[in-house]
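Sequence lines, in order, name chains A and B.
For the first sequence, our numbering begins at 26 and goes up steadily by one.
For the second sequence, our numbering begins at 835 and goes up steadily by one.
Ideal Cβ placement from N, Cα and C applies to all residues, glycine included.
Everything on this sheet refers to the single structure shown next.
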Amino acid sequence: MTAHEAANARRIGVYVCHCGGNISDYVDVDKVIADIEDAGDVVVAKTAMFACSDATQQDMVADITAQQLDGLVVASCSPKLHTYTFRGVAARAGLNPYEYTQVNIREQCSWVHTDDQQGATDKATALVRAGISRTRLTTPLEPMVVETLPRTLVIGGGIAGLRAAIGLADIGLGVTLVERELELGGWVRRFGPMYPHGKDGRALIETLVAEVRRRPAITVLTGAEVVGKAGSFGNYRVTVRVGGEGAGTIEVAAGSIVAATGFDAYQPETGEFGYGIEGVVTLPEFKALVDEATAPLTHRGRPVRSVAYVYCVGSRNTGGCANAYCSRFCCAATVQTAVQVSGLDPSIRQFHLYRDMRTYGKFEPLYTEARKAGSVFVKFDNDAPPAVARRDGGGLTVTVRDLLTHNEELALPADLVVLVTGMVPRDNEALVGVLKLPAGSDGFFNEIHPKLRPVETVVDGVLIAGACQGPKTSAESVASGLAAVTQSAAILKKGFTELDPLVATADQGACTACGDCLTACPYDAISMTETGDRHFAVISPTGCKGCGGCVPMCPENAIDLLGYTDAQVTAMIESLVEVPA
Amino acid sequence: MTEACAVPAVDEVDYDVLVVGSGIGGMESALKLGDMGYRVLLVEKEASVGGRMILLSKVFPTLDCASCISTPKMASTIHHPNITALTYSRVDGIRRSADGRFHASVTRKARFVDEDTCTGCQKCETACTVAVPDQFNADLVARRAAHIAFPQAVPKKAVIDRAGSSPCSYACPAGIQAHGYMSLIRSGEYEKAHRLVLEATPLVGTLGRACYAPCEGECTRGSLEGTLPIRRLKRFISDVHDEGGEELGIEVAPPNGRRVAIVGSGPTGLTAAWQLARKGYAVRIHEAAPVPGGFLRLAIPSYRLPVETVERDIDNVRALGVEILTDAPVRDLAALRAEGFDAVLVATGTHRSTSLGVPGEDRLGVLGGTDFLRRVKLDQPVDLAGRRVVVVGGGNVAMDAARTARRLGAASVTVAYRRGRNEMPAHHVEADDAEREGVQFSLQVAPLEVLGDAQGAVSGLRCTRMRLGEPDATGRRRPEPIPGRETVIPCEVVIAAVGMTPEPGAFAGQLTATSLGILGADAVTRQTSLPYVFAAGDAVNGATDITRAVGEGRRAAHMIDRWLTGRTMDGFDDRLPVVDKHLVLARQQAYAFRSPAPDATTLVAAPADFTEVEAPMTETEARAAAGRCLDCAVCSECNECVAACPVDGCIDLHARDQHLEARVGAVVVSTGFKLFPADLKPEYGYGRYRNVITGMQMDRLLAPTRPFNTILRPGDGKVPERIAYVLCTGSRDETVGNPLCSRFCCMYSIKQNQLLMGALPLADITVHYMDIRAPGKRYDEFYEQAKAMGAAYVKGRVAGITETPAGDLVLRYEDIEHGGVIAETEYDLVVLAVGVQPNRDAEELFEVGELSLDEWNFVAEPEEDLNPGATSIPGVFVAGAASGAKDIADSIIHAGAAAAQVAAHLESAKAGLSEIAKVPA
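Okay, structure coming up:
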């Protein structure tokens, strides 16, 4: 009747996961098992409290070995979470990892159908049947082993990129460091003392640059920009334009790429909290003023006797306007600057107009120190933001309702108003296009998983470090730079890597060389070639990411995706539409 | 050589890196270093890798299930080809050597379960009779002593939680697992409790009546309301067994073809025979008296120990095929050898009374204490009716003699003793009971002469008054006569109970002996100068008590078996060190007052017969009494797990810690943090108000493996409708010595707010905060989302919490954003968002002061700006929250940074660079 019955009998093991209660609170997992255990070729059908737990993994290994299973289906959570987990189980048991199918009955059943347990259970059963159908038609596949280059390209010569370059060199990897500006050092090069240890930013950068220079394994390209990328993980070929617009390009070979492209400071609109009025400055401007100052503090030749800081400018905006996120570093940076100001002249009056003081962790004592040094803190409601106006007779007035003093309206005189501006993602459109880096709704580069895989991206071998991933302090950027070093070394030190064989293949005989697939491929993995007088498409297995975009474009059905062949997908659809007996 | 000298073999291993702690930071460092090709030794003190993250419900801001994203990392860690993960292990110390490498001493704590063969079936857990608070469920529910840490544990292997030996079991000279049979009785397993005692001795009923119960003196409950009645509970299980008529149900090895002769059928001989017979030996006991039992049958009066009880216990021995010959004294040990016995045990006891050593002792009416008791027990006539009796001595035999004399109708019975009442060696209960039965005490007198009448019969005892002088060698004050102070106690019978000795010269020419007849034998092995002859019990120790005698029998049997099977003669006493009672009391969260069992002894002033004076316990009394046990050592050694385990030899309570020395090139300290103990803020009532819980407890209530499978308040199981959060509990708070922000409590509270609103749509959630700190990627958006879902956030620190009679909680706080009023609001459940404290274990890994801490006692990172993860010791790095509060994402980044530093360190060491490859800051 169906294709699978014609195929040789298979021996498939099916495991349905409770996920603690994540699944079984809504899906009757025992019923799912009861409904599918009679399906053809199913030899083992079990439930598991946590399929991913070590105990169940060992159970699976034992079943695969004892029952000589040649196919494995686990119905649990998203394949994004555990495909590799269960492929590993298969491999440990001597089963080809690509004979495994993950069925997602958590995100697709229990979590979305909490109001319909019967429906969730039926859907889970259908999805498991489809998974079994796919598994019946699996064939053993072998990963492609590719030698990797022991070299990393670091994009961005700020503190994260510099530290990453040194770290990579110290582990024995070659490094090419590309910096768009003519000078290394990024933002930190412009800073004086930084929190929490009072280290001078300029000095830190000088140290790092000297260390970079000391290491022959590091090649530094300044005034350079990445303009092209070819190849794949382990063997990227990156085109770098050196010497500015119109100048030449060079090609850099690298096994992995670390993007450490940093951030931009939020630039307020004119009129935003009085920005544009004389005496209204941003935090980076004020920080530069204070770093350069010797007592008494002056601004444009006039002494500064009072300062009002307005926090969260360009951050934590609700109601759909830009930048809903918190910029993380600014609260502590501001109180540190205020302490610095008090150090210059303790008589300067400082008012901090804040929403929540986020001096997290060990930064809290800085906040305490600022209060002890005389800074006054005023909490305002987001719905009643402070207003900044020029005062008759010079200076500025900041009007605000203070939640800490029973909503009292205060009119604070200030010589300077400092807009505590946060970080915004750098405008990196060209680079994003080249690296194919995904950005989140906040505009910062997205990691694979914000908790457990914060420096990896969905593009294999392309890592992100520092504030390009999200707002960070200098030390946190350094840490993430080093984490990217670790991730690079973890994938390159072996010298080879295995690529997923779930890639598209084209049937040369059936191809009519129409070229439709070439335009469909986002990875430039398909090329036209010829043998004698025949033209046909060839798909590079290392360039192909298995997205399947080319498959439906082929008018001759000459392209098939290994692991998701037309026959497999058809069988899955048949299972899904099959009316249960 | 004594047994204790055995030195365990120490394994030496060599790795590139030692990672201490397998929380998220430790696992990440280990995995990444392993991926780079370095060989990693990962040491985790708990029974599973995973740290705290695996115990959480979900994680912010993605609301990923913590289990789902932790378990793959845990499994990868344990299966990684370059990582050796030692769980339930401890790093005792790390020393830096001259070459810049490190020596680490690691203890693999005994799990008492073989990791290789345990299948994780949890049968031991089901069988275990001890329940203690489950630390993996934040103490919300109990777990067993035999347990698998949590359902997703990696490795999923059981561990038996043993804190040492329980004081009662440790104190038992007979080696009986007192704690074990307490926990079995508590579980209603009386027959199993009986069998557990049978593991040590066949004399269950006997000891249940006549033991002086040194266990009870050590019982930790004794420092609370009163000790457990451990002895009477033993009698209870003996009674239950006798009434039930069940088989003994103990294992006996098949005959091994060897024969052992035992001389003497007292508690030592009977116990030795029992143990040897169970090991497959053919045993024959030679008893000189007409009945077996020795002191049990011939001395201890029946009101304390009925003859039938002793006979039933002796029947236990006979049931194993032991042959008991009576009226069969042994003089010639060599003859036994010649008859084919492979070994002989001499356990002849001390059945001769010591004489008074005063004139007139040969008069009619002077009796030895043991001779007197023996005649009574053998129903030989002793006519005391209407006669005045003086018993000389202050020991237990004296009390037995005095009380027996009362029962035989003596006109008066006076105990004459040379010291005071408090110095009497008799058990105080015995002396008290004697007094209550009308025995008089004449203290601080010593006999000078037995006076007689013309017929040579006793007419009185002339004594001198004594006083207590300087302490003697035993520490007791030496009695000395007061010159000229003499007195005469008129009497017709004098019973001399001043001591007992063995039969002098019994084995002269065969065994060595002291002048008093004490036989010579090795203190540990009990082997005599004749290798095939062992001697044990009172015959080698002098008079002790029946419980010690039982222990002697066990020891002798053990040693005879070791000798006959050609093994080293050790391994008898493998008790773990006794637990510290203060620690036991400290770990109790709350006591329920539990009344001690009432005394059940019925005494009359003029007892007329030998009816047993102590009543048996009812089942209800017994269950209640055993239920008072505090489970001092956690595991009670009841052996239920051993019986339940389907894998032979998998559970071994004799397992002991193992040590290994690791040589490593670098160290990663990832010892994590401690949660703030919320009871340090007494104004919030944690520990007193049952519906005040911590954030960790709420995470357990929300987790997929949650203890109650729903969210309820612990006090009464009610589903809470009004839930309050108190942020900054123990953080940003100088009053508890912590000025720091703990960084993740705002976020986990917001996460819980969202989960609670999903799980309990009708519940109102209110968060009392100082500042909401949501400074991370998508964190503030997550906070806004919680607000949009309906959680209320109220600025102002909570001043205090009071409890209503219904168990609800009234929070008193300042509502800053609404006019700064002082407000009070009632809630069903309060969650204290506890923060972070440093884990001081980290510094103890190294020599004192070597690992620098910062001013808040976290591991210092002196060059944090450029070298995060580097510590004050070159080659030692820190990963995760050991260096300060971090959430999971920050811990992962930090661990990644530490791993890069480790790799750089190892590479520079490999390259032989003298300079440490570290960027100068």
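Distance CB(residue i)-CB(residue j) smaller than 7 Å
{"i": "B/ALA1260", "j": "B/GLY1228", "result": "yes"}
{"i": "B/SER882", "j": "B/ALA997", "result": "no"}
{"i": "B/GLY1630", "j": "B/ARG1646", "result": "no"}
{"i": "B/VAL1644", "j": "B/GLU1660", "result": "yes"}
{"i": "B/ARG1577", "j": "A/TYR385", "result": "yes"}
{"i": "B/ILE1584", "j": "B/ALA1622", "result": "no"}
{"i": "B/GLU1283", "j": "B/ARG1296", "result": "yes"}
{"i": "B/GLY1127", "j": "B/ALA1181", "result": "no"}
{"i": "A/ASP381", "j": "B/ASP1614", "result": "no"}
Buried versus exposed call for residue i [16 or more other C-beta atoms within 10 Å across all chains shown]
{"i": "A/PRO479", "result": "buried"}
{"i": "B/LEU1546", "result": "buried"}
{"i": "B/PRO1305", "result": "exposed"}
{"i": "B/MET835", "result": "Residue confidence for B/MET835 is low, a pLDDT of 35 falling below 50, so the modelled location carries little weight; the figure read from the coordinates is stated next. Exposed: under 16 other Cβ atoms inside 10 Å."}
{"i": "A/GLN92", "result": "exposed"}
{"i": "B/ILE1750", "result": "In this prediction, B/ILE1750 scores a pLDDT of 43, lower than 50, which makes its location untrustworthy; the coordinate-derived value is nonetheless stated afterwards. That one is exposed."}
{"i": "B/ILE1394", "result": "buried"}
{"i": "B/ILE822", "result": "No answer is possible for residue 822 of chain B: the residues shown for chain B start at 835 and end at 1755."}
{"i": "B/GLN1289", "result": "exposed"}
Test: residue i CB closer than 7 Å to a CB of chain B
{"i": "A/VAL332", "result": "no"}
{"i": "A/GLU30", "result": "Note that A/GLU30 scores 48 on pLDDT, short of 50, meaning its location in the model is unreliable; the coordinates nonetheless yield the value given after this. Not closer than 7 Å to any Cβ of chain B, the Cβ of A/GLU30 fails to qualify, so no."}
{"i": "A/VAL503", "result": "yes"}
Beta carbon proximity, residue i to chain A, threshold 7 Å
{"i": "B/ARG945", "result": "no"}
{"i": "B/GLU880", "result": "no"}
{"i": "B/HIS1728", "result": "yes"}
{"i": "B/ARG1029", "result": "no"}
{"i": "B/GLN986", "result": "yes"}
{"i": "B/SER901", "result": "yes"}
{"i": "B/CYS1579", "result": "no"}
{"i": "B/MET1532", "result": "no"}
Heavy atom of the ligand MN within 6 Å of residue i beta-carbon
{"i": "B/VAL1655", "result": "Ligands displayed in this structure: none; no statement on the ligand MN is therefore possible."}
First and last residue of the uninterrupted alpha helix (DSSP H) at residue i
{"i": "A/ARG227", "result": "226-239"}
{"i": "A/PHE666", "result": "Beyond the ends of chain A as shown, which are 26 and 606, falls residue 666 of chain A; an answer cannot be given."}
{"i": "B/ASP1149", "result": "1141-1153"}
{"i": "A/THR359", "result": "355-369"}
{"i": "A/ALA59", "result": "54-61"}
N-terminal and C-terminal residue of the beta strand (DSSP E) that residue i is part of
{"i": "B/ALA976", "result": "976-978"}
{"i": "B/GLN1588", "result": "It is not in any beta strand (DSSP E) - B/GLN1588 instead sits in the alpha helix (DSSP H) that spans 1579-1593."}
{"i": "A/PRO104", "result": "Unbroken run through A/PRO104 is the alpha helix (DSSP H), 104-117; no beta strand (DSSP E)."}
{"i": "B/MET1532", "result": "Careful: B/MET1532 lies outside any beta strand (DSSP E), inside the alpha helix (DSSP H) at 1529-1536."}
{"i": "A/TYR392", "result": "Here A/TYR392 belongs to no beta strand (DSSP E); instead the alpha helix (DSSP H) covers 389-397."}
{"i": "A/LEU152", "result": "Premise fails: A/LEU152 lies in the alpha helix (DSSP H), 142-161, not in any beta strand (DSSP E)."}
{"i": "B/TYR1627", "result": "1626-1629"}
Contact the stretch 1027-1044 of chain B vs the stretch 1132-1150 of chain B: 3+ CB pairs below 8 Å: The stretch 1027-1044 of chain B vs the stretch 1132-1150 of chain B: in contact.
message: Counting beta carbon pairs with one atom in the stretch 300-317 of chain A and one in the stretch 438-450 of chain A, are three or more of them shorter than 8 Å?
response: With a cut-off of 8 Å on Cβ pairs, the stretch 438-450 of chain A is in contact with the stretch 300-317 of chain A, counting three or more such pairs.
message: With a threshold of 8 Å, are at least 3 pairs of Cβ atoms found where one atom belongs to the stretch 1713-1733 of chain B and the other to the stretch 862-882 of chain B?
response: Judged by Cβ distances under 8 Å, the stretch 1713-1733 of chain B makes contact with the stretch 862-882 of chain B, as three or more pairs qualify.
- prompt: Counting Cβ pairs closer than 8 Å, one from the stretch 1732-1743 of chain B and one from the stretch 498-514 of chain A, do we hit at least three?
  reply: By the C-beta criterion, the stretch 1732-1743 of chain B is judged to be in contact with the stretch 498-514 of chain A, since at least 3 inter-stretch pairs fall below 8 Å.
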